[in-house]
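Asks:
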Amino acid sequence: MDIVDTLRLELGLSVMLDETGRPRLNEGVERPRWPGKLDPSKTVVMDTSPTQDGEFWPAPRFEILIANLDSVGIKVVQVGDPASERLARADHVFRKLNASERAGVISEALLWIGMNTSWRYIAAALNKPQVVIVSSRDDVKPSWNDTFIVDAASHKAESKTLGPISVTSVAEAATKALKQLGIAAQL
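Read left to right, the sequence shown gives residues 95 to 281 (this note's numbering).
Structure representation (structure tokens):
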């Protein structure tokens, strides 16, 4: 199944591919009420949804990454499916969003961090850098110059938990994504 069909079937969002193969939304997004205390230009989206295969990055690692981001003034909003563990350090948690609203949250923030799910394509369609946590780099296709892949290259996963992927590796990818946006931050 191609990206267009996947996003239509899984998320109910209509997209097309541009001449470079990058997805583009065919429709606008709904912007849910943004938390007044947060400046979107200093906020990233952490998506804690697991992959279709059930792979996930442990919540404690997301929490440490949030602390690193907070130390340089970057705030975090969490999106995820209802079964996702709530991140205590997140500055705001969006829980009950339809697909268009969730895309609206992504559209407001600096960048998107999460697993190799359909939501990374939505982030790409919204021209947001994507930090993709994945068991194998080969699973992230296509990718673009603003796709930062963090994989378990030399580690064999013992379960669906992508525990071998360190916070440091994801923080380095987030630092590169922020640098691409003109934000000098060392996580």
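Each residue gets a CB set at the ideal place from its N, CA and C atoms; glycine is no exception.
Report yes if the CB atom of PHE242 is closer than 7 angstroms to the CB atom of LYS222, and no otherwise.
Replies: Going by C-beta atoms, PHE242 is not nearer than 7 angstroms to LYS222.
Asks: Are at least three pairs of beta-carbons, each pair with one atom in the region 124-131 and one in the region 193-201, less than 8 angstroms apart?
Replies: With the cut-off at 8 angstroms, the region 124-131 and the region 193-201 touch.
Asks: Return the residue from the list LYS273, LEU281, ILE277, VAL139 that minimises the CA-CA distance to GLU202.
Replies: Ranking LYS273, LEU281, ILE277, VAL139 by Cα distance to GLU202 puts VAL139 first.
Asks: Could you pull the start and end residues of the alpha helix (DSSP H) that THR269 belongs to?
Replies: Segment 261-274, the alpha helix (DSSP H) holding THR269.
Asks: Mapping DSSP to helix, strand and coil, what is HIS249?
Replies: Any answer about HIS249 is weak, because its pLDDT of 48 lies below 50 and its placement is not dependable; what the coordinates show is given next. If DSSP states are grouped into helix, strand and coil, HIS249 belongs with coil.
Asks: When the Cα of LEU245 is compared with those of PRO236, ILE227, LEU119, which residue comes out closest?
Replies: Checking the sequence shown, residue 245 turns out to be Asp, not Leu. Out of PRO236, ILE227, LEU119, ILE227 has the C-alpha closest to the C-alpha of ASP245.
Asks: The beta strand (DSSP E) with THR137 in it runs from where to where?
Replies: Note, THR137: beta strand (DSSP E), 137-141.
Asks: Considering only their Cβ atoms, is the gap separating VAL170 from ILE160 smaller than 7 angstroms?
Replies: Yes, Cβ-Cβ distance for ILE160 and VAL170 is below 7 angstroms.
Asks: On a CA-only basis, which of GLU104, SER143, VAL98 is nearest MET110? Give me that one, please.
Replies: Considering only alpha carbons, the answer is VAL98.
Asks: Indicate the three-state DSSP secondary structure (helix, strand or coil) for TRP206 in the structure shown.
Replies: TRP206: strand per DSSP, three-state reduction.
Asks: For PHE156, which residues does DSSP report across the bridge?
Replies: Paired residue(s): none; PHE156 is not in a bridge.
Asks: For the candidate residues PHE156, LYS136, VAL187, LYS235, whose alpha-carbon lies nearest to that of SER263?
Replies: Nearest of PHE156, LYS136, VAL187, LYS235 to SER263, Cα basis: PHE156.
Asks: Have a look at ARG183, LEU204, LEU205, GLN172 and flag the residue whose alpha-carbon is nearest the alpha-carbon of LYS190.
Replies: Out of ARG183, LEU204, LEU205, GLN172, GLN172 has the C-alpha closest to the C-alpha of LYS190.
Asks: With distances taken between CB atoms, is the gap from ARG102 to ALA219 smaller than 7 angstroms?
Replies: Taking 7 angstroms as the Cβ cut-off, ARG102 and ALA219 do not qualify as a contacting pair.
Asks: Suppose contacts are defined by Cβ-Cβ distances below 7 angstroms. Is GLY122 in contact with ALA193 by that definition?
Replies: Not a contact, by the Cβ cut-off of 7 angstroms.
Asks: Assuming THR137 contacts LEU181 under a Cβ cut-off of 8 angstroms, what Cβ separation, rounded to an integer in Å, is found between them?
Replies: Incorrect: roughly 14 angstroms between the Cβ atoms, too far for contact.
Asks: Considering only the beta carbon of each residue, do VAL225 and ALA177 sit closer than 7 angstroms?
Replies: Going by C-beta atoms, VAL225 is not nearer than 7 angstroms to ALA177.
Asks: Have a look at VAL187 and ASP233 and give me their C-alpha separation to the nearest angstrom.
Replies: Using only the alpha carbons, I get a separation of about 28 angstroms.
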